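Counting from 1, position 17 in the sequence shown corresponds to residue 38 in the working numbering; the numbering is continuous, with no gaps.
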Amino acid sequence: MVYLRDYPVLVQPEEGRRLAPPPRCMESALTHQYLATVADILTDAGHYLWHHGNILDAKGFLEQAEAICLSVPEDMSASTRASALVGLVAVGHTAGFSMRDKIIEQNLEIVRLRTGYRAGVDAETAEILLSNAWHDLGCTYMEASEYVKAEECLDRSLGIKTAVGTEVSMPFEFATEYEDMA
């Protein structure tokens, strides 16, 4: 359950219940900005639920957020969709090997979105998000024993981080890179 204190009027999901999309007759009344905002709230709720171990509801919220993002022009929803996909990748990893191909596809889409759409965040944050997307894709390839692809992705990630900062200015970011490249 999403704590009402944190998400006042969102929803109280019941076990296994997903949010329904808005009725077709209402779509014209809903602006793209409104839908993008709803998707952002659902994404935040999905991440919250995932971090608190409620995988089933997290997946439902994140899938709903992604579906809404797909109904909005991509330039308005790219960042939110990438964030929703990051959550879906994390949730997908809990399912194990059976989700690996889908997780790779989702990671590729995150890289595409982080590469093409950088509005709304400062340049350094945009670069770090892109680097993290390459890093996550590389780790997924590594888990799939596709080591050449993994190395290429991890090299790209490290290259971006090296252009943005140093081991002193971003110790955690670099430590993560070096650990996974080892």
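Note that CB positions come from ideal geometry on N, CA and C, so glycine has one too.
Nothing here was measured: the structure is a model prediction, and the numbers come from that model.
Checklist entry - If you check the beta carbons only, do Ser98 and Leu91 fall under 9 Å apart? => result For the purposes of this step, residue 98 is taken as the residue at position 77 of the sequence shown. For the purposes of this step, residue 91 is taken as the residue at position 70 of the sequence shown. It is a contact, given that the beta carbons lie within the stated cut-off.
Next on the checklist: Once the 5 residues before and after Ile124 are set aside, which same chain residues still bring their CB inside 6 Å of it?
Outcome noted: Position 103 of the sequence shown, counted from the start, is the residue given in the question as residue 124. So the qualifying residues of the chain are Val110, Gly113 and Thr161.
Checklist entry - What are the start and end residues of each continuous alpha helix (DSSP H) run of 4 or more residues lying completely inside the stretch 95–132, in chain order? => result Segments of the alpha helix (DSSP H) lying fully in the stretch 95–132: 95–114.
Checklist entry - Could you give the distance in angstroms between the alpha-carbon of Tyr55 and the alpha-carbon of Val93? => result As a working note, residue 55 is residue 34 in the sequence shown. As a working note, residue 93 is residue 72 in the sequence shown. Answer to the nearest angstrom: the Cα atoms are 10 Å apart.
Item to check | C-alpha distance - Val132 paired with Ala144, whole-angstrom precision | outcome: Taking the first residue of the sequence shown as position 1, residue 132 is located at position 111. Taking the first residue of the sequence shown as position 1, residue 144 is located at position 123. The straight-line gap from Cα to Cα measures roughly 16 Å.
Next on the checklist: Measuring only the C-alpha atoms, how far is Met120 from Ala165?
Outcome noted: Stepping through the sequence shown from its first residue, residue 120 is reached at position 99. Stepping through the sequence shown from its first residue, residue 165 is reached at position 144. Across the structure, Met120 and Ala165 are spaced so that their CA atoms are roughly 11 Å apart.
Next on the checklist: Classify Ala184: buried if its beta carbon has 16 or more other beta carbons within 10 angstroms, exposed otherwise.
Outcome noted: Position 163 of the sequence shown, counted from the first residue, corresponds to residue 184. Exposed, by the Cβ-count rule.
Checklist entry - Would you say Ala105 and Gly67 are within 9 Å of each other, going by their C-beta atoms? => result If you number the sequence shown from 1, residue 105 lands on position 84. If you number the sequence shown from 1, residue 67 lands on position 46. Contact: yes.
Checklist entry - With a CB to CB cut of under 7 Å and the five nearest residues on each side skipped, what residues in its chain are close to Ile76? => result In the sequence shown, counting from the first residue as 1, residue 76 sits at position 55. Answer for Ile76: Val112 and Thr115, listed in chain order.
Item to check | Rounded separation between Leu154 and Val59 - CA only | outcome: For this step, residue 154 is matched to residue 133 along the sequence shown. For this step, residue 59 is matched to residue 38 along the sequence shown. At residue 154 the sequence reads Ala, which differs from the Leu that was named. Rounded to the nearest angstrom, the two C-alpha atoms are 24 Å apart.
Checklist entry - Looking at Asp78 and Leu70, is the spacing between their C-beta atoms short of 9 Å? => result Along the sequence shown, one-based indexing puts residue 70 at 49. Along the sequence shown, one-based indexing puts residue 78 at 57. Their beta carbons are under 9 Å apart, which means Leu70 touches Asp78 by this criterion.
Item to check | Asp96 beta carbon less than 9 Å from that of Ala140 | outcome: As a first step, residue 140 must be located in the sequence shown, where it is residue number 119. As a first step, residue 96 must be located in the sequence shown, where it is residue number 75. The criterion of a C-beta distance shorter than 9 Å is satisfied by Ala140 and Asp96.
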